[in-house]
Amino acid sequence: MAGIGFRLEKLFGKGDLLSTAKGCIYSVVISSGPWLITIVSIAFISLYAQGNLDEHNRLLLKAIISYSFAIALIFFGAIEMPITRYLADKLYLEDISTLRPLYFTILFVIILLGGAGSYLFYIDLPRSLFFKVSTTALYTSIFTVWVAMVFLGAAKRYTQIVVGFLVGGFASALLSIWGGQHYQLVGNIAGLALGQGILSIYLSIRVILEFQTRDQFSLEIVDYFMRYRRLIVIGISYYCAIWIDKFIYWFSSLGIHIEGPFYTNLYYDTSMFLAYLTIVPSLSFFLVRIETSFYQAYRNYFSVIEYKATLAVIDQASADMVDALRKSVMPLFKLQTFVTVITIFFTPELIDLFHLPVMMVPIFRYGVLGAYLQALFLLCNIILLYFQCQKSVLINYLTFFGSNLFFSWWLIDYPFYYHGMGFLASSALTFFISIWSLNYQLRNINALTFMGQPMVSGNV
Numbered sequence: 000m001a002g003i004g005f006r007l008e009k010l011f012g013k014g015d016l017l018s019t020a021k022g023c024i025y026s027v028v029i030s031s032g033p034w035l036i037t038i039v040s041i042a043f044i045s046l047y048a049q050g051n052l053d054e055h056n057r058l059l060l061k062a063i064i065s066y067s068f069a070i071a072l073i074f075f076g077a078i079e080m081p082i083t084r085y086l087a088d089k090l091y092l093e094d095i096s097t098l099r100p101l102y103f104t105i106l107f108v109i110i111l112l113g114g115a116g117s118y119l120f121y122i123d124l125p126r127s128l129f130f131k132v133s134t135t136a137l138y139t140s141i142f143t144v145w146v147a148m149v150f151l152g153a154a155k156r157y158t159q160i161v162v163g164f165l166v167g168g169f170a171s172a173l174l175s176i177w178g179g180q181h182y183q184l185v186g187n188i189a190g191l192a193l194g195q196g197i198l199s200i201y202l203s204i205r206v207i208l209e210f211q212t213r214d215q216f217s218l219e220i221v222d223y224f225m226r227y228r229r230l231i232v233i234g235i236s237y238y239c240a241i242w243i244d245k246f247i248y249w250f251s252s253l254g255i256h257i258e259g260p261f262y263t264n265l266y267y268d269t270s271m272f273l274a275y276l277t278i279v280p281s282l283s284f285f286l287v288r289i290e291t292s293f294y295q296a297y298r299n300y301f302s303v304i305e306y307k308a309t310l311a312v313i314d315q316a317s318a319d320m321v322d323a324l325r326k327s328v329m330p331l332f333k334l335q336t337f338v339t340v341i342t343i344f345f346t347p348e349l350i351d352l353f354h355l356p357v358m359m360v361p362i363f364r365y366g367v368l369g370a371y372l373q374a375l376f377l378l379c380n381i382i383l384l385y386f387q388c389q390k391s392v393l394i395n396y397l398t399f400f401g402s403n404l405f406f407s408w409w410l411i412d413y414p415f416y417y418h419g420m421g422f423l424a425s426s427a428l429t430f431f432i433s434i435w436s437l438n439y440q441l442r443n444i445n446a447l448t449f450m451g452q453p454m455v456s457g458n459v
């Protein structure tokens, strides 16, 4: 995402109010667009569905959106990092001939597997074929949006991406509401799927236009998946960790069985979805500042090594890199701390404003704190991946998954004001081991960089 980040940084650098406002909007949408629009759509549709759907169908609508989002993210986690690595290598080599064929190959696999999986998932559900096709289309559209954003990380016309997200978001909400008014539940789902489909088609067109060259089909990506198997596990672990506490609350005694394979919880997942909105400032700030300022210092450090500079020059470059990271992180830390503290302080007023149950107050507060720590350890682990510390990141994310599973399961039978504390404890634990891993890497950067190189031997 450093490609877009550098272009957004120029907007902020102009200094005038309009450019700063544009930079804020663009960075928020690009860094958080896919899941931000999903959460807002859930809230917006749920609000307007109250007058058209009974409680059973409202819960089913919420569950279908949540299931589609969760399953799409987990499977996306399996392919995100190897594909990102492949794209980065190809863009560095200025060889984009295989990118469009790769993109459409991925879409073909998504549609094929999504259709087969949905058939098995809904085989015993007593609903119409149109209902099942609509839910399948929703899942594949969400998946497509996430994949498209990986390919558009180096996009030049980022304003058109932002416009696409805004139009897609409004279309999803309005079409779903219109469909619900005329066709009840299936209309809500079909309208939302159509809106997401419009967005996915638009982003796919942007991919086609961004990588205009003579296409060349290649199976080289298969080698990347074999070579970077650890990245596959890292992605799956992270997204499973994000969702495991929701799964526990859905399928536990506190969950509600709606029908067929669909379960939900009245309070927990809604509180967590809303809590995640509070880390949008961190994600957008990361895109503009850390993946630009730090990236420049990072490239300079490895450039001086590549050109066989003296130890003094290398030491200075490593000190500059650490300093750039520190200067980028501190404003982010202050900004996110301010947002988190204000949100926690005004939680009762926010819950009352949106007419939500009072019992969501402690859950939401735990979620806000947990999301705050998650944003910080996500930053740590992304920086670790810059240094190829895949083993450390894998340990950190497996810790996140295992601890979130354990703490959430352990606290499930405690009173409701303990719910969400498991996610908070897991985020805190993962943050501490992640910051320790990053500090160790930075303190020993020269030794780890040189000792990590392959040995070269030859005949003397």
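First residue of the sequence shown: 0, per numbering that gives the first Met the number 0; consecutive thereafter. Heads up, the beta-carbon is just placed ideally off N, CA and C, and yes, glycines get one too.
By how many angstroms is the C-alpha of Y227 removed from the C-alpha of R213?
-> Looking at the two C-alpha atoms, the distance is approximately 27 Å.
Just reading off the beta strand (DSSP E) that T269 is part of, what are its end residues?
-> First-last for T269: 267-275, but that is the alpha helix (DSSP H), not the beta strand (DSSP E).
Rounded to the nearest angstrom, how far is the Cβ of H418 from that of Y262, given a contact under 8 Å?
-> About 16 Å separates the two Cβ atoms, so there is no contact after all.
Could you tell me the boundaries of the alpha helix (DSSP H) in which Y262 lies?
-> Annotation: Y262 is outside any alpha helix (DSSP H); the continuous beta strand (DSSP E) that includes it extends over 261-263.
Could you pull the start and end residues of the alpha helix (DSSP H) that H55 belongs to?
-> H55 -> alpha helix (DSSP H) spans 54-91.
Report the option in S175, S402, A311, L377 whose CA atom is closest to the CA atom of V392.
-> Of S175, S402, A311, L377, the smallest CA-CA separation from V392 is found for L377.
Backbone secondary structure at H418 - three-state DSSP = Three-state result, H418: coil.
Nearest candidate by alpha-carbon position, reference D412, set T269, S251, L101 = Cα-wise, what sits closest to D412 is S251.
Report the residue from L397, L428, Y396, A311 whose alpha carbon sits nearest the alpha carbon of G369.
-> Comparing Cα positions, the closest option is L428.
Taking 8 Å as the threshold, find out whether the segment 372-387 comes into contact with the segment 269-284 through three or more Cβ pairs.
-> The way I'd put it, the segment 372-387 does touch the segment 269-284; three or more beta-carbon pairs between them come closer than 8 Å.
Assign H256 to one of three DSSP states: helix, strand, or coil.
-> H256: strand per DSSP, three-state reduction.
Would DSSP call D412 helix, strand or coil?
-> Reduced to three states, the DSSP call for D412 is coil.
Alpha carbon to alpha carbon, how far is L72 from V232? Give it in angstroms, no decimals.
-> Going by C-alpha positions, V232 is about 14 Å away from L72.
Can the beta-carbon of I105 be found closer than 8 Å to that of V146?
-> Closer than 8 Å, so yes.
Under the three-state reduction of DSSP, which class applies to S96: helix, strand or coil?
-> In the structure shown, S96 sits in coil (DSSP, three-state: anything other than H, G, I, E or B).
Taking the C-alpha atoms as reference points, what is the distance between A186 and I63?
-> Looking at the sequence provided, one finds Gly at residue 186 rather than Ala. Looking at the two C-alpha atoms, the distance is approximately 13 Å.
Spatial distance of H55 from I257 (CA atoms) | Their backbone Cα atoms lie some 7 Å apart in a straight line.
Thinking C-alpha only, which one of S203, L90, E219 is nearest S140?
-> Among S203, L90, E219, the Cα nearest to that of S140 is on S203.
In terms of alpha-carbon separation, which member of N51, L137, Q159 lies closest to G196?
-> Nearest C-alpha to G196: L137.
Does the separation of the CB atoms of S433 and N395 fall below 8 Å?
-> If you check the CB distance, S433 and N395 come in under 8 Å.
Straight-line CA distance for A192 to Q315?
-> Approximately 53 Å between the Cα atoms of the pair.
Selection from F216, I207, N445 that minimises the alpha carbon distance to S317 = Of the candidates F216, I207, N445, the one whose C-alpha sits nearest the C-alpha of S317 is N445.
The alpha helix (DSSP H) with R461 in it runs from where to where?
-> Since the first residue of the chain shown is 0 and the last is 459, residue 461 is not available in this structure.
According to the neighbour-count rule (16 or more other Cβ atoms, all chains shown, within 10 Å of its Cβ), is S302 buried or exposed?
-> Exposed, by the Cβ-count rule.
Taking Cβ positions, are S236 and L437 nearer each other than 8 Å?
-> A distance of 8 Å or more separates the beta carbons of S236 and L437.
Thinking C-alpha only, which one of L60, F210, E93, V221 is nearest T134?
-> Of the candidates L60, F210, E93, V221, L60 places its Cα closest to the Cα of T134.
What's the C-alpha gap between V108 and E348?
-> Our two residues, V108 and E348, have alpha carbons roughly 46 Å apart in a direct line.
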